[in-house]
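*Asks:* Next up is a structure, given as structure tokens.
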Amino acid sequence: MGLSANRKQKKIILFIDNCPAHPHIQNLTNIKLAFLPPCLVVRSVIQPIYQSIIKTLKGHYRKLLVEKMVNDIEKSTTPFAVNLLDAIEITTIAWARVTPDTIIKCFSHAGFGKFSNLNTTDDDSNDELDNLPLARLSSAEATVTDWETYVNIDDQVITTDNLTDNEIIESVLQTQEKEDEEEKKIAI
Numbered sequence: 035m036g037l038s039a040n041r042k043q044k045k046i047i048l049f050i051d052n053c054p055a056h057p058h059i060q061n062l063t064n065i066k067l068a069f070l071p072p073c074l075v076v077r078s079v080i081q082p083i084y085q086s087i088i089k090t091l092k093g094h095y096r097k098l099l100v101e102k103m104v105n106d107i108e109k110s111t112t113p114f115a116v117n118l119l120d121a122i123e124i125t126t127i128a129w130a131r132v133t134p135d136t137i138i139k140c141f142s143h144a145g146f147g148k149f150s151n152l153n154t155t156d157d158d159s160n161d162e163l164d165n166l167p168l169a170r171l172s173s174a175e176a177t178v179t180d181w182e183t184y185v186n187i188d189d190q191v192i193t194t195d196n197l198t199d200n201e202i203i204e205s206v207l208q209t210q211e212k213e214d215e216e217e218k219k220i221a222i
């Protein structure tokens, strides 16, 4: 992407979650990395991927998982199981089902640029999900009574440490200092 953007003289800004796994890459000519502050409020308002894109991906993933379970039950040759390769393949298919329109709507809800004036109704994540083979599931004595509960079952699972106010302030200040240093280098 960098070489192509460089040839076309395009400028790109890439918003990145401020996480230790995301490196600060130097010397990018046409790409500016903008690290979001680690504040949970910022994540829920600015970072669109947390708003609907992951929810949509999880919905498609879980639909495919239920379909695999139904197929395994119907075949009844092997018990239902998902290995790492299955999970990767299911995730790949689920991601392919997340439409560009869903992504645009997520950015629009977050107030990003030209997308913020678009008509943004609810995302289309549940349209396909209504076609679950629930009749086949109920005949196999496995039912999903509330799809939304199933899709969002792990929403409250804590996956990171809760930062104190002082830790958040320190992180923001460090990020700002790094950006200031980079701007000074560019100005020279």
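For what it's worth, our numbering labels the leading residue of the sequence shown as 35, then goes sequentially. Using N, Cα and C, we set each Cβ at its ideal position, and we do this for glycine too.
Should Ala130 be flagged as near chain B, meaning a C-beta pair shorter than 9 Å?
*Replies:* No chain B appears in this structure, which consists of one protein chain only.
*Asks:* Run through DSSP, which three-state label would Lys45 get?
*Replies:* coil
*Asks:* Taking the Cβ atom as the reference point for each residue, do Asp120 and Lys139 lie within a distance shorter than 9 Å?
*Replies:* no
*Asks:* Verify whether the separation of the beta carbon atoms of Lys92 and Ala128 is less than 9 Å.
*Replies:* yes
*Asks:* For the alpha helix (DSSP H) containing Leu62, list its first residue and its last residue.
*Replies:* Careful: Leu62 lies outside any alpha helix (DSSP H) and carries neither H nor E.
*Asks:* So, for Lys44: in the same chain, excluding its five sequence neighbours on each side, which residues have a beta-carbon less than 7 Å away from its beta-carbon?
*Replies:* Within its own chain, the residues whose Cβ lies closer than 7 Å to the Cβ of Lys44, once the five positions on either side in sequence are excluded, are Asn64, listed in chain order.
*Asks:* Can you tell which of Ile46, Arg96, Gln208 has its C-alpha closest to the C-alpha of Asp188?
*Replies:* Arg96
*Asks:* Apart from the five residues just before and just after Leu98, which ones in its own chain have a Cβ nearer than 8 Å to its Cβ?
*Replies:* By the criterion of a C-beta distance shorter than 8 Å, Leu98 is surrounded in its chain by Ile124, Ile127, Ala128, once the five residues flanking it on both sides are discounted.
*Asks:* Does Ser86 pass the burial test, meaning 16 or more other C-beta atoms within 10 Å, or should it be called exposed?
*Replies:* buried
*Asks:* Hey, how far is the Cα of Ser110 from the Cα of His94?
*Replies:* 24 Å
*Asks:* Do Glu216 and Gln60 come within 9 Å of each other at the CB atom, strictly closer than that value?
*Replies:* yes
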